[in-house]
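> Its first residue numbered 3, the sequence shown is counted upward by one per residue in the numbering used here.
For each residue, glycine too, the CB sits at the ideal point set by N, CA and C.
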Amino acid sequence: MLELKYGHPLSFKSWLSDNTHLLRPPVGNGQIWQNSDFMVTIVAGPNERSDFHDDPVEEFFYQFKGNAFIIIWDRDRYERVNLNEGDVFLMPPHVLHSPQRADAESRCLVVERRRPEGEKDGLQWGCAACGTLIKRYEMTLKSIVDDLPPVYEQFYATSDAERVCPACGMQHPGRDYATWHREIARSSHARVYA
Ligand SMILES: [Fe+2]
Numbered sequence: 003m004l005e006l007k008y009g010h011p012l013s014f015k016s017w018l019s020d021n022t023h024l025l026r027p028p029v030g031n032g033q034i035w036q037n038s039d040f041m042v043t044i045v046a047g048p049n050e051r052s053d054f055h056d057d058p059v060e061e062f063f064y065q066f067k068g069n070a071f072i073i074i075w076d077r078d079r080y081e082r083v084n085l086n087e088g089d090v091f092l093m094p095p096h097v098l099h100s101p102q103r104a105d106a107e108s109r110c111l112v113v114e115r116r117r118p119e120g121e122k123d124g125l126q127w128g129c130a131a132c133g134t135l136i137k138r139y140e141m142t143l144k145s146i147v148d149d150l151p152p153v154y155e156q157f158y159a160t161s162d163a164e165r166v167c168p169a170c171g172m173q174h175p176g177r178d179y180a181t182w183h184r185e186i187a188r189s190s191h192a193r194v195y196a
């Protein structure tokens, strides 16, 4: 029998139905093959995020079920990129992005590369009112599924004083994702919910 490191072709449909336990909160994603150069994950909704990911490698998206959108943070501005059912999208490295997946039944195939030696991922949070950096953390990412949640917890454990914007004085609401999104909806620095 032919030995293939990642096994023979598998039914994508069966993988999805066999892994529904991963595709719901709090995890919301699953990686199909382990220890591969391509990190192929399926990401489901719903999520509750206000963090932005700084990825040193490209990310490929195939939104194969339901709709989602991505907030892109470019200098002091937040902009919306829709990811509608059937869309494919290739995100360049180091574009700060925050995928928003409100629909619990939505599914997206995401492909990233194993990080080159010494390249770090970043996670950062910004002021909803003026787009100024509030906190940034960097990590050597080996697993998309396991390495990000501890960084969220580190941010959520910060004090209110640590989350005050150095530019305008507004306090970042931390874990309270809904409040942050209400604030960017009102901000002149954002075109996300208009
Ligand atoms: Fe601010």
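Confirm, please, whether the CB-CB distance from GLU114 to ILE202 is below 9 angstroms.
Residue 202 lies beyond the range of the chain shown here (3 to 196); nothing can be said about it.
> What number of angstroms, rounded off, separates the C-alpha of ARG51 from the C-alpha of LEU4?
Residue numbering aside, residue 51 sits at position 49 when the sequence shown is read from its first letter. Residue numbering aside, residue 4 sits at position 2 when the sequence shown is read from its first letter. Their Cα atoms are separated by approximately 43 angstroms.
> Give the range of the beta strand (DSSP E) segment to which THR43 is assigned.
Reading the sequence shown from its first residue, position 41 is the one you call residue 43. Where THR43 is concerned, the enclosing beta strand (DSSP E) stretches over 40-46.
> Round the Cβ separation of SER1 and GLY68 to the nearest angstrom and send it over; I've been treating them as touching at under 8 angstroms.
The structure shown does not extend to residue 1, since the chain is modelled only from 3 to 196, so the question has no answer here.
> What's the call for TYR158, buried or exposed, on a 16-neighbour Cβ count within 10 Å?
On the sequence shown, residue 158 is found 156 positions in, with the first residue counted as 1. TYR158 comes out exposed.
> Just to confirm, is the Cβ distance from ILE186 to ALA130 under 9 angstroms?
Here the question's residue 186 lines up with position 184 in the sequence shown. Here the question's residue 130 lines up with position 128 in the sequence shown. Yes; because the gap between Cβ atoms is below 9 angstroms, this pair is in contact.
> Closer than 7 angstroms by C-beta to ASP39: which residues in its own chain qualify, once you throw out the five before and the five after it? Chain order, please.
In the sequence shown, residue 39 corresponds to position 37, counting from 1. ARG115 and ARG116, listed in sequence order.
> How would you write the range of the beta strand (DSSP E) that ILE73 sits in, first residue to last?
Looking up residue 73 in the sequence shown gives position 71. Where ILE73 is concerned, the enclosing beta strand (DSSP E) stretches over 70-76.
> Among GLY47, ASP20, ASN37 and SER16, which residue has its Cα nearest to the Cα of ASN31?
To locate residue 31, count along the sequence shown from 1; it is residue 29. The residue with the shortest Cα to Cα distance from ASN31 is GLY47.
> Here's the rule I'm using: 16 or more other beta-carbon atoms within 10 Å means buried, otherwise exposed. How should GLY120 be labelled?
Counted from its first residue, the sequence shown places residue 120 at position 118. Exposed, since its Cβ has fewer than 16 Cβ neighbours within 10 Å.
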